[in-house]
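Written out below as structure tokens is the structure these notes cover.
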Amino acid sequence: MFRISAEVASDYSSRALGLMNRSVMPKHEGMIFVYPDKGLHCMWMKDTLIPLSVAFLDDNGEIINVERMSPQTETSHCAKAPARFALEMNAGWFESKGLGPGTKIKGVGSLPKGR
17 MFRISAEVAS
27 DYSSRALGLM
37 NRSVMPKHEG
47 MIFVYPDKGL
57 HCMWMKDTLI
67 PLSVAFLDDN
77 GEIINVERMS
87 PQTETSHCAK
97 APARFALEMN
107 AGWFESKGLG
117 PGTKIKGVGS
127 LPKGR
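So in this note's numbering, the last one in the sequence shown is 131, and the numbering has no gaps at all.
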């Protein structure tokens, strides 16, 4: 089991800002994006300075897919099935823990509703 401390981005402005303009992120910290509706949500890294990995999660917190994202790029990284959440961590974090599609991330049920 791994404990994650994640900032919550549950409204449009916090999701749009995300982790932009940060130069470091502690080892077991990240950001979870909460969307109001399931969808094929996508992430990009235009003004993000650190390499990240994103796990797209369904309503129950099950990982749909994990994507590695390079800093300061405009490449879209999208959910491969309708997702309700996206969890960003330092690049390679999910892989280093053996977490991939089908793994359940606990605690998403207590997150605020996306708006």
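Backbone N, C-alpha and C define an ideal beta-carbon position, used for all residues, glycine too.
Note that the structure is predicted; figures quoted are calculated from it, not measured.
Helix, strand or coil for residue i? Go by DSSP, reduced to three states.
{"i": "R31", "result": "helix"}
{"i": "E111", "result": "helix"}
{"i": "V40", "result": "coil"}
Should residue i and residue j be called a contact, given that it needs their Cβ atoms to be closer than 8 Å?
{"i": "A22", "j": "M47", "result": "yes"}
{"i": "L73", "j": "L103", "result": "yes"}
{"i": "I79", "j": "G130", "result": "no"}
With DSSP as the reference, identify every bridge partner of residue i, one or two as the case may be.
{"i": "S26", "result": "Beta-bridge pairing links S26 to no other residue."}
{"i": "R84", "result": "S69"}
{"i": "V50", "result": "F101"}
{"i": "M59", "result": "H93"}
{"i": "I79", "result": "L73"}
{"i": "S126", "result": "In DSSP, S126 forms no bridge with anything."}
By how many angstroms is the C-alpha of residue j removed from the C-alpha of residue i?
{"i": "L54", "j": "K96", "result": "The sequence shown places Lys at residue 54, not Leu. Distance between the alpha carbons of K54 and K96 is about 12 Å."}
{"i": "T89", "j": "C58", "result": "13 Å"}
{"i": "T64", "j": "M85", "result": "10 Å"}
{"i": "P98", "j": "N81", "result": "11 Å"}
{"i": "I20", "j": "S29", "result": "23 Å"}
{"i": "G123", "j": "A25", "result": "15 Å"}
{"i": "M36", "j": "G118", "result": "28 Å"}
{"i": "C94", "j": "G125", "result": "22 Å"}
{"i": "K43", "j": "S112", "result": "12 Å"}
{"i": "R38", "j": "P87", "result": "11 Å"}
{"i": "A2", "j": "M17", "result": "Lying outside 17 to 131, the shown extent of the chain, residue 2 is not represented and no answer is given."}
Assess, as a yes-or-no matter, whether the stretch 68-80 is touched by the stretch 103-123 under the definition of 3 or more beta carbon pairs within less than 8 Å. yes
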